[in-house]
Amino acid sequence: MAKTSKSQEKIANEAIKHALKALKKRHLLEEAAHAPAFQALSRPFASQGSEWKEKAENLQVELQQFYKVQSRLSEQLVVEVAESRVSKALVQEKETAIADMQKELTEVREESSQLNLDLEQKIKELEVIVSENSELKAQLEKMTSKATNAEAENKMLIDRWMLEKMKDAERLNEANALYEDMIQRLRASGLEQLAKQQVDGIVRRSEEGAEFFLESNIPSMCKYRLNAHEGGCAAIFFEYNSSKLITGGQDRSVKVWDTNTGTLSSNLRGCLGSVLDLIITHDNRSVIAASSSNNLYVWDLSSGRVRHSLTGHTDKVCAVDASKVSSRHVVSASYDRTIKVWDLVKGYCTNTIISHSNCNALSFSTDGQTIFSGHVDGNLRLWDIQTGKLLSEVAAHSLAVTSISLSRNGNVVLTSGRDNLHNLFDVRSLEVCGTLRAAGNRVASNWSRSCISPDDNHVAAGSADGSIYIWSISTGDIVSTFKEHTSSVLSCRWSGIGKPLASADKNGIICLWT
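Numbering (the UniProt record's numbering), first residue to last: 1 to 514.
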């Protein structure tokens, strides 16, 4: 393009030079043509006459016109030269721009080449990584296979170990049975043992021989107000034939209180979640707590040490009860919709019952062979713990059941529900034999616990306004109402010896009523 512009400029210069030569030549020709006229004019005009004068004037006019044409051509030449210079400058700018673009193009090509090299390198690295990943996957599959085999072998070993443990436990039980039989024979031979008291065909024992209780009094005053737990307390239970109270709260602690003095006797530690319910075995040796950590914890009450941590539930454990005729059998209910039967001697689950509704409360029957369960769907169910079979079911409440309490004689079961009713059922027929209600009584939570007095004459239940209501079972009337709590009462429990009555609220305050 630069060569083309230079050739055009050369052609234009040559054309201008040719035009100038033509003008000079024409001018010379015109001067030569007019020379005779000038010579004639230089002679006297008298002889020429008017004709020559006229010619001279015409020639003069023509000459002027030629000069004008020459002037216009000169102006056009100047304009064309200026335009040629401008065109030359534009050509130079275009050439500069083209050079810059060619330079940029070269740089882009070099950068593209470098990127191509980097891409090839990355592709190679990716291929190496993919290869390594394939190798790692193969190794992982091998390790997974080994882990599966190891788990299977471990399970087999655990089963064998548990079988041996069961055999050891059976041998130990046989030895204990022989020892107890020998002791019984010695006592019988020495006339040291009295006849056992039998109630409804069930033998009830205490440390001295037979369980005893006093007539329950209706409380009238708060004897002690204990700051027992931080964050709330919903689980309280008295030792059998004792005034010692065991409490559990959201602060993950289980405490033992002397209700005669209102002082703390001991603190059981080791629970990893909030205590939602607790129970003590009928021999007063073991405390079992149901926890929000999905586990149950078993303490030896005399030493304060954890005996077992019972695992198997997959959601919070909200209810627990112990057999009334055996110190080894415990049942628990969880929000994983299962009820589990545990053997405290062996330390593991012996049966699992699956229900289609979550269970909030549990209670063993007096014979230790069946359990009552209260559910979120408002139904009361009766189960056989050996087979896991549902024996009976009744719609107890329109809303969730929150509490189950069995009378001492085992003939009546008390249920409380979120419909603010407290129903009494005949155990034999599971028919309602009484309903207790009060205008101001409102059940505070899904785990609000009510109770029957030891003499089976009264029912105590807490309310969301902090009040406690006492009903007469025989008449169904309210016999007393008292208030000391400033928050919702979650649990009430009567001592087996008739007094005191204990109540616990959402602030962790426990009141002892006499």
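Every residue gets a Cβ at the ideal spot worked out from N, C-alpha and C, and that includes glycine.
By a beta-carbon distance limit of 8 Å, glycine 312 does not contact serine 291. Their separation comes to about 13 Å.
Of the candidates Ala504, Leu512 and Leu414, the residue whose Cα lies closest to the Cα of glutamate 230 is Ala504.
By DSSP's assignment, glutamate 393 forms a beta bridge with Arg381. Leaving aside the five residues that flank leucine 512 on each side, the residues in its chain whose CB is nearer than 6 Å to its CB run, in chain order, Lys223, Tyr224, Thr259, Pro500 and Ala502. Between the alpha carbons of valine 432 and serine 220 lies a distance of about 30 Å. For serine 491, the secondary structure class from DSSP, reduced to helix, strand or coil, is strand.
The beta carbon of cysteine 451 lies closer than 6 Å to those of Ser405, Ala460, Cys492, Arg493 and Trp494 in the same chain, with the five residues before and after it left out.
DSSP places cysteine 359 inside the beta strand (DSSP E), whose first and last residues are 359-364. Runs of the beta strand (DSSP E) spanning 3 or more residues and lying entirely within the UniProt domain "Autophagy-related protein 16" (39-173) do not occur at all. Rounded to whole angstroms, the Cβ separation of glycine 249 and glycine 508 is 5 Å, and the two are in contact under 8 Å.
Distance from the CA atom of tyrosine 335 to the CA atom of valine 401, rounded to whole angstroms, is 14 Å. Remark: C-beta atoms of alanine 322 and histidine 282 approach each other more closely than 9 Å. In this structure, Val298 is the residue among Leu414, Val298, Leu23 and Ser113 with its C-alpha nearest to the C-alpha of serine 309. Our two residues, glutamine 65 and alanine 99, have alpha carbons roughly 51 Å apart in a direct line.
Secondary structure at histidine 229: coil, using DSSP grouped into helix, strand and coil. Spatial neighbours of glycine 388 in its own chain (CB-CB distance under 6 Å, excluding positions within 5 residues in sequence) are listed in chain order as Asn351 and Ile353. Looking at Ala464, Val108 and Val427, the one whose alpha-carbon comes closest to that of glycine 440 is Ala464. For aspartate 321, the enclosing beta strand (DSSP E) covers residues 317-322. Ranking Leu344, Val331 and Asn409 by CA distance to the CA of aspartate 384 puts Val331 first. For asparagine 267, the enclosing beta strand (DSSP E) starts and ends at 263-268.
Rounded to whole angstroms, the Cβ separation of leucine 424 and valine 412 is 5 Å, and the two are in contact under 8 Å. Non-local C-beta neighbours of threonine 370 in its own chain, meaning closer than 7 Å and more than five positions away in sequence, comprise Leu382, Trp383, Asp384, Ile385 and Leu391, ordered along the chain. Taking a 10 Å sphere around the C-beta of lysine 142, we find fewer than 16 other C-beta atoms and assign the residue as exposed. Close CB contacts of threonine 486 within its chain, under the 6 Å cut and outside five residues either way in sequence, are with Gly466 (chain order).
The beta carbons of histidine 375 and serine 398 sit no closer together than 9 Å. DSSP, read as helix, strand or coil, puts asparagine 13 in helix. Within the UniProt repeat "WD" (268-309), the complete beta strand (DSSP E) segments at least 3 residues long are 275-280, 286-291 and 296-300, listed from N- to C-terminus. When Thr338, Asn149, Lys255 and Lys167 are compared, the shortest CA-CA separation from arginine 305 is found for Lys255. In the DSSP assignment, asparagine 411 falls outside any beta strand (DSSP E) and carries neither an H nor an E.
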